[in-house]
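Mapping the sequence shown onto numbering that gives the first Met the number 0, position 143 (from 1) lands on 142, and the numbers just tick up by one. Accompanying notes for the structure given below.
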Amino acid sequence: MKNRQKAPLRLNDMALDPVKQFRRWLQDAEQANLPQPNAMMLATSSRQSRPAARIVLLRGVDDRGFVFFTNYESRKAQDLRESPFAALVFFWAQLSRQVRVEGRVETLEAVDSDRYFSNRPRGHQLEAHASPQSEVIKDRTVLEKTFEDVKREFLGAEVPRPLHWGGYRVVPDSLEFWQEGENRLHDRIRYRRNDTGPWKIERLAP
0 MKNRQKAPLR LNDMALDPVK QFRRWLQDAE QANLPQPNAM MLATSSRQSR
50 PAARIVLLRG VDDRGFVFFT NYESRKAQDL RESPFAALVF FWAQLSRQVR
100 VEGRVETLEA VDSDRYFSNR PRGHQLEAHA SPQSEVIKDR TVLEKTFEDV
150 KREFLGAEVP RPLHWGGYRV VPDSLEFWQE GENRLHDRIR YRRNDTGPWK
200 IERLAP
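Below, the structure written as structure tokens:
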């Protein structure tokens with residue numbers, strides 16, 4: 000990876016709140032016109048401790064955590080029912096930065112999922128009804144036929160959010176900000192939640 004961030008990270012330059020710091024870096028990625036700067040790796044684990052990872056899109060972040068949406072019958076959702084903890088990784092190669100997030104996962108309130116779903120493009124709403132996410136299907140024509148059936152079903156009407164689709168929030172207890180350094184002297188700044196006070200900020204060796 001080509002280093003593009005020559006100035007080392009200093010603890011005094013980091014925000015006291017990790018979400019505020021994350022927003023700064025996300026804004027940097029957006030202003031750099033990176034493709035899908037909100038893309039993140041989501042890692043989950045089954046009851047048998049089998050890990051799985053995939054790319055999803057961050058759809059919201061605030062003091063409560065990091066929000067994404069999916070099918071509640073998907074593999075990731077099954078993992079989260081069995082083990083409600085997850086890890087996220089944001090990687091912005093052009094900026095030589097990444098952010099790691101770890102924490103428990105909670106299901107969004109239905110009203111929040113309804114609100115987000117109502118603002119999705121209509122084709123995306125129809126797909127949420129048509130796709131049995133993570134299930135084996137015979138071929139693509141099955142999916143296309145189901146999509147057309149759903150399209151006809153809701154012709155001229157609003158598409159309601161299916162009950163098997165909605166949002167999750169990763170509530171972080173640890174966030175790490177990584178930035179590439181010269182001679183592989185990378186900067187790693189970790190925030191750990193402190194139940195008795197503010198976040199604890201510490202530097203890790205690369």
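All residues carry an ideal CB built from backbone N, CA and C; glycine is no exception. All values derive from a computational prediction rather than experimental measurement.
May I ask you to report which of helix, strand or coil DSSP gives residue i?
{"i": "residue 134", "result": "coil"}
{"i": "residue 44", "result": "strand"}
{"i": "residue 17", "result": "helix"}
{"i": "residue 22", "result": "helix"}
{"i": "residue 294", "result": "Only positions 0 to 205 of the chain appear in the structure, and residue 294 is not among them; the question remains open."}
{"i": "residue 60", "result": "strand"}
{"i": "residue 34", "result": "coil"}
{"i": "residue 180", "result": "coil"}
{"i": "residue 73", "result": "coil"}
{"i": "residue 88", "result": "strand"}
{"i": "residue 125", "result": "helix"}
{"i": "residue 82", "result": "coil"}
Given a cut-off of 8 Å on the beta-carbon distance, is the pair residue i and residue j in contact?
{"i": "residue 20", "j": "residue 176", "result": "yes"}
{"i": "residue 215", "j": "residue 31", "result": "This structure cannot speak to residue 215, because the chain is shown only from 0 to 205."}
{"i": "residue 190", "j": "residue 174", "result": "yes"}
{"i": "residue 13", "j": "residue 136", "result": "no"}
Rounded to a whole number of angstroms, what is the C-alpha to C-alpha distance between residue i and residue j?
{"i": "residue 40", "j": "residue 89", "result": "7 Å"}
Return the first residue and the last residue of the beta strand (DSSP E) that residue i is part of.
{"i": "residue 102", "result": "96-106"}
Comparing alpha-carbon positions, which option in the options lies nearest residue i?
{"i": "residue 108", "options": "129, 146, 67, 101", "result": "67"}
{"i": "residue 81", "options": "65, 105, 195, 115", "result": "105"}
{"i": "residue 101", "options": "113, 168, 138", "result": "168"}
Let me check you understand the geometry: is the CB of residue i closer than 7 Å to at least one non-hydrogen atom of the ligand COA?
{"i": "residue 16", "result": "With respect to small molecules bound, the structure shown includes none, and the ligand COA cannot be examined in it."}
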